[in-house]
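Some notes on the structure that comes next.
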Ligand SMILES: Cc1cc2nc3c(=O)[nH]c(=O)nc-3n(C[C@H](O)[C@H](O)[C@H](O)COP(=O)(O)O)c2cc1C
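Numbering (the numbering used here), first residue to last: 129 to 281.
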């Protein structure tokens with residue numbers, strides 16, 4: 129049975145969505161056989177997180193924190209998933225106007241409580257949107273998918 133990868137992201141003005149498209153492109157590499165589910169954070173639910181073998185979260189930094197949309201997702205799934213997702217591998221990508229560290233720290237803090245394992249460094253695009261960094265998003269998705277397929281995470 130193919131490994132299952134979930135990508136959940138939130139974007140208000142579209143730049144995090146651009147990153148998400150490239151993460152999805154990497155995870156959809158034809159040489160890698162996984163099942164992929166992509167959800168907007170406002171629609172994703174605990175069933176998605178329970179379904180997957182690994183996941184990637186994407187958020188902008190808003191007010192020094194993850195976006196409200198991603199926070200709402202984590203609030204909705206936290207207790208239904210507590211003790212049921214232990215050790216699942218995960219990674220994140222972040223878009224920020226000038227910083228990004230607050231968003232990264234806020235996601236890590238909550239996921240520490242879920243006892244999941246961060247297996248890749250976050251991809252952060254801060255400041256002016258550097259198109260060349262979208263390659264890092266492709267690589268993030270591809271590495272996660274290949275790692276799940278190979279069972280190394
Ligand atoms: C309400 C609001 C708060 C923001 N706060 C921060 C912040 O604390 N740090 C930062 O680096 N950028 C901040 N930004 C800039 C966003 O991170 C940036 O515009 C980002 O591209 C938005 O992502 P999106 O296009 O996916 O919505 C803020 C933007 C908005 C609209």
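Each residue gets a CB set at the ideal place from its N, CA and C atoms; glycine is no exception.
Each residue's CA atom was taken as its position, placing residue 157 and residue 148 some 15 Å apart. Note that the C-beta distance between residue 247 and residue 217 is below 7 Å. Between the alpha carbons of residue 150 and residue 263 lies a gap of roughly 7 Å.
Boundaries of the alpha helix (DSSP H) harbouring residue 150: 143-155, taken from the DSSP string. Proximity to residue 239 across 139, 184 and 175 peaks at 184, based on C-alpha coordinates. In this structure, the straight-line span from the alpha carbon of residue 258 to that of residue 203 is close to 31 Å.
At a Cβ-Cβ threshold of 7 Å, residue 213 and residue 244 count as neighbours. Comparing alpha-carbon positions, the option among 242, 275 and 224 lying closest to residue 146 turns out to be 224. The beta-carbon separation of residue 281 and residue 182, rounded to 6 Å, stays under the 8 Å limit for a contact. Within the segment 160-186, the beta strand (DSSP E) runs of at least 3 residues that lie entirely inside it are, in chain order, 162-168. Secondary structure at residue 135: strand, using DSSP grouped into helix, strand and coil. Checking the 6 Å criterion, the Cβ of residue 141 is within range of a heavy atom belonging to ligand 1. By alpha-carbon distance to residue 163, the top candidate from 276, 234, 227 and 131 is 131. Contact between residue 268 and residue 231 does not hold, since their C-beta atoms are separated by about 16 Å, which reaches or exceeds 8 Å.
Excluding its 5 nearest sequence neighbours in each direction, residue 210 has no C-beta neighbour in its own chain below 6 Å.
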